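Taken in sequence, the protein lines are chains P and U.
Throughout the first sequence, residue numbering follows the working numbering, covering 1 to 148 in sequence.
Throughout the second sequence, residue numbering follows the working numbering, covering 1 to 148 in sequence.
Don't be surprised by glycine CBs; every beta carbon is placed ideally from N, CA and C.
Given the structure is predicted, the values throughout are model-derived calculations rather than measurements.
In what follows, a single structure is set out as structure tokens and then discussed.
Number of protein chains: 2
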Amino acid sequence: MPDIIHRVGIKAKPQAIYDAITRQDGLSNWWTRNTKADTKVGGTIQFRFGSGGPDVKIIELHPNEKVQWEVTAGMQEWIGTKMTFVLTPDSTNNQQTYVSFKHSDWKNASDHMTQCSTKWAVFLLSLKSYLETGKGQPYPEDIQISVG
Amino acid sequence: MPDIIHRVGIKAKPQAIYDAITRQDGLSNWWTRNTKADTKVGGTIQFRFGSGGPDVKIIELHPNEKVQWEVTAGMQEWIGTKMTFVLTPDSTNNQQTYVSFKHSDWKNASDHMTQCSTKWAVFLLSLKSYLETGKGQPYPEDIQISVG
Numbered sequence: 001m002p003d004i005i006h007r008v009g010i011k012a013k014p015q016a017i018y019d020a021i022t023r024q025d026g027l028s029n030w031w032t033r034n035t036k037a038d039t040k041v042g043g044t045i046q047f048r049f050g051s052g053g054p055d056v057k058i059i060e061l062h063p064n065e066k067v068q069w070e071v072t073a074g075m076q077e078w079i080g081t082k083m084t085f086v087l088t089p090d091s092t093n094n095q096q097t098y099v100s101f102k103h104s105d106w107k108n109a110s111d112h113m114t115q116c117s118t119k120w121a122v123f124l125l126s127l128k129s130y131l132e133t134g135k136g137q138p139y140p141e142d143i144q145i146s147v148g
Numbered sequence: 001m002p003d004i005i006h007r008v009g010i011k012a013k014p015q016a017i018y019d020a021i022t023r024q025d026g027l028s029n030w031w032t033r034n035t036k037a038d039t040k041v042g043g044t045i046q047f048r049f050g051s052g053g054p055d056v057k058i059i060e061l062h063p064n065e066k067v068q069w070e071v072t073a074g075m076q077e078w079i080g081t082k083m084t085f086v087l088t089p090d091s092t093n094n095q096q097t098y099v100s101f102k103h104s105d106w107k108n109a110s111d112h113m114t115q116c117s118t119k120w121a122v123f124l125l126s127l128k129s130y131l132e133t134g135k136g137q138p139y140p141e142d143i144q145i146s147v148g
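Here's what the structure looks like:
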């Protein structure tokens, strides 16, 4: 089954990126403004895009290195899928940290899932922009990849 | 083996998108300015990004529906991989056409391949921008997703 996979290099320290993917204020600056986070392992983060959006349970937190969530509520197609972020300092450029991202455990490679792949790139570039410039493009300011 | 998969909705007719992914002038407006295309099935398209870049052989051309290339020269990791574009009019919005994109047949899910996934999103959004506004962001005007 295909996974959604991405990798970006961000001019920021691992700790700054870790904060942006684990803290409510960080997450709300690049994925969706409407984020409510219980930030411990086993806690739930609610992401809302208009009226809907996923709840994720925090499965793993390895400070400055790795974060994993599992979707527990929201669109049927998302439930049970996992998002994993792995942070790796660039060994050749100490200003840059790589973020490897995977959204896995999809039941089908549907059109929706394929479109999510492109949309995740948009949001990971929003994360990069937030960390490098102070300004991301979280929902509802996100770049549109289609009508509807 | 994971594939790179994307899907964008473009406010354009299938024929306009087909032209943009099959003609030299179209391709040079969203992927790289330095494109030389022999545009028939079996022909080679040379894409250059600075001094390097892939040569692809045109495997399939189904007007306004599907295009497939196979990489024949360039980075070792790309050789033998295939890029496939499938165009589908949006049945609910006759101004929009979906482009489903796959870059398949990778030997390994390497960091390079994962980073290519994100970069393909950038170029497919460049294709969308080119068709909707007349202006894409082909190399060397492309959005950077990392340093180096």
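- Take I59/P, set aside five residues on each side of it, and the residues of its chain with a beta-carbon closer than 8 Å to its own are V41, Q68, W69, E70, K82, in chain order.
- The Cβ atoms of T97/P and I17/P sit closer than 9 Å to each other.
- A direct Cα-to-Cα measurement between I10/U and I21/P gives close to 31 Å.
- At least one CB of chain U lies nearer than 9 Å to the CB of N93/P.
- Taking all protein chains in view, the Cβ of N108/P is surrounded by fewer than 16 other Cβ atoms within 10 Å, so the residue is classified as exposed.
- Interface criterion not met: the Cβ of A16/P is under 9 Å from no Cβ in chain U.
- Shown here, P14/U sits in a helix according to DSSP, grouped into three states.
- Take the alpha-carbon of P54/U and the one of P2/P: they are about 24 Å apart.
- The residues Q137, D142, I143, I145, in chain order, have a CB closer than 8 Å to that of V122/P in the same chain once the five nearest residues on each side in sequence are set aside.
- A straight-line Cα-Cα distance of about 12 Å links I4/U and W78/U.
- A direct Cα-to-Cα measurement between G26/P and P89/P gives close to 20 Å.
- Under the 9 Å criterion on CB atoms, D105/P is classed as non-interfacial with respect to chain U.
- Measuring C-alpha to C-alpha distances from G52/P to each of T39/P, P14/P, A73/P identifies A73/P as the nearest.
- Shown in chain order are the members of the stretch 109-124 of chain U whose Cβ falls below 9 Å from a Cβ of chain P: A109, D111, H112, M113, T114, Q115, C116, S117, T118, K119, W120, A121, V122, L124.
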